[in-house]
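**Q**
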Amino acid sequence: MRVSDRERDQAIDVLSRRCREGYLSVDTFVGRIEAVFAARTRDEVDATLADLPPHGLRAQVAAALERLTSTATDAQEPAPAPDPMTLVTVALPLDDRAALLIGRSRACDVVLGHPSVSRRHAELAHASDLWWVTDLGSTNGTWIRGHRVREAVVARGDILGLGQVPVQLA
Numbered sequence: 338m339r340v341s342d343r344e345r346d347q348a349i350d351v352l353s354r355r356c357r358e359g360y361l362s363v364d365t366f367v368g369r370i371e372a373v374f375a376a377r378t379r380d381e382v383d384a385t386l387a388d389l390p391p392h393g394l395r396a397q398v399a400a401a402l403e404r405l406t407s408t409a410t411d412a413q414e415p416a417p418a419p420d421p422m423t424l425v426t427v428a429l430p431l432d433d434r435a436a437l438l439i440g441r442s443r444a445c446d447v448v449l450g451h452p453s454v455s456r457r458h459a460e461l462a463h464a465s466d467l468w469w470v471t472d473l474g475s476t477n478g479t480w481i482r483g484h485r486v487r488e489a490v491v492a493r494g495d496i497l498g499l500g501q502v503p504v505q506l507a
């Protein structure tokens with residue numbers, strides 16, 4: 338079905354809000370706005386918002402219900418991504434290992450197979466008797482205590498948000 342101006346405006350409002358919240362980089366935001374204006378169908382507009390986490394309590398409940406009720410009908414379908422609400426535990430090495438790379442890529446030391454996690458999302462490094470987390474330019478950000486960070490000191494017990502995946506340091 339052909340997309341209306343109202344639907345374009347609604348999509349732009351969602352993209353603007355999610356960019357302000359830190360879910361989209363400015364470059365990604367600009368690219369998606371261009372895609373919204375170039376879209377001919379409602380499905381093309383919806384595709385620009387598909388990877389963003391649901392907004393508001395009603396949307397989060399609807400997404401959770403959809404995850405619970407959806408079933409794989411084809412044996413050839415890939416396994417679903419892990420539930421973003423499941424806490425992942427990452428053990429910090431006891432030795433002074435240089436760094437741990439975290440991301441979606443199999444080349445990382447810690448692999449998180451969720452679409453909100455970038456291929457090379459963040460790095461945990463040990464320096465001066467402290468552990469540091471550094472965001473490696475991820476699309477959906479690295480979060481500590483509700484704040485998006487580029488680099489911060491972390492300790493065992495801290496919970497990081499990598500995209501939509503909560504990670505506890507142990």
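The opening residue of the sequence shown carries number 338 in the numbering used here; numbering runs sequentially from there. Beta carbons: idealized from backbone N, C-alpha and C, even for Gly.
Which value, in whole angstroms, describes the spacing of the CA atoms of residue 385 and residue 355?
**A** 12 Å
**Q** Which residue marks the beginning of the alpha helix (DSSP H) containing residue 347, and which one marks its end?
**A** 342–357
**Q** Between residue 470 and residue 486, is the Cβ-Cβ spacing less than 9 Å?
**A** yes
**Q** Enumerate in chain order the residues of its own chain whose CB-to-CB distance from residue 357 is below 7 Å, with the five nearest sequence positions on each side excluded.
**A** Cβ within range, chain order: n/a, list empty.
**Q** Which of the three DSSP states, helix, strand or coil, is assigned to residue 372?
**A** Of the three classes helix, strand and coil, the one that applies to residue 372 here is helix, per DSSP.
**Q** Rounded to whole angstroms, what is the Cα-Cα separation between residue 351 and residue 465?
**A** 42 Å
**Q** Does the separation of the CB atoms of residue 459 and residue 468 fall below 9 Å?
**A** Not in contact: residue 459 and residue 468 (Cβ atoms no closer than 9 Å).
**Q** Report buried or exposed for residue 479, applying the criterion of at least 16 other Cβ atoms within 10 angstroms of its Cβ.
**A** Counting Cβ neighbours within 10 Å, residue 479 comes out buried, since at least 16 surround it.
**Q** Is the Cβ-Cβ distance between residue 497 and residue 477 less than 9 Å?
**A** With contacts defined as CB atoms closer than 9 Å, residue 497 and residue 477 fail to qualify as a contacting pair.
**Q** Rank 346, 342, 359 and 338 by C-alpha distance to the C-alpha of residue 484 and give the top, closest one.
**A** 359
**Q** Here's the rule I'm using: 16 or more other beta-carbon atoms within 10 Å means buried, otherwise exposed. How should residue 454 be labelled?
**A** buried
**Q** Could you tell me the distance, in whole angstroms, from the CA atom of residue 338 to the CA atom of residue 490?
**A** Between residue 338 and residue 490, the alpha-carbon positions lie close to 50 Å from each other.
**Q** Hey, how far is the Cα of residue 343 from the Cα of residue 390?
**A** 22 Å
**Q** Per DSSP, what kind of secondary structure is residue 501 in: helix, strand or coil?
**A** Under the three-state reduction of DSSP output, residue 501 falls in the coil class, being neither helix nor strand.
**Q** Please state the DSSP three-state secondary structure of residue 485.
**A** strand
**Q** Pull the bridge partners of residue 364 from the DSSP assignment, please.
**A** None; residue 364 has no bridge partner.
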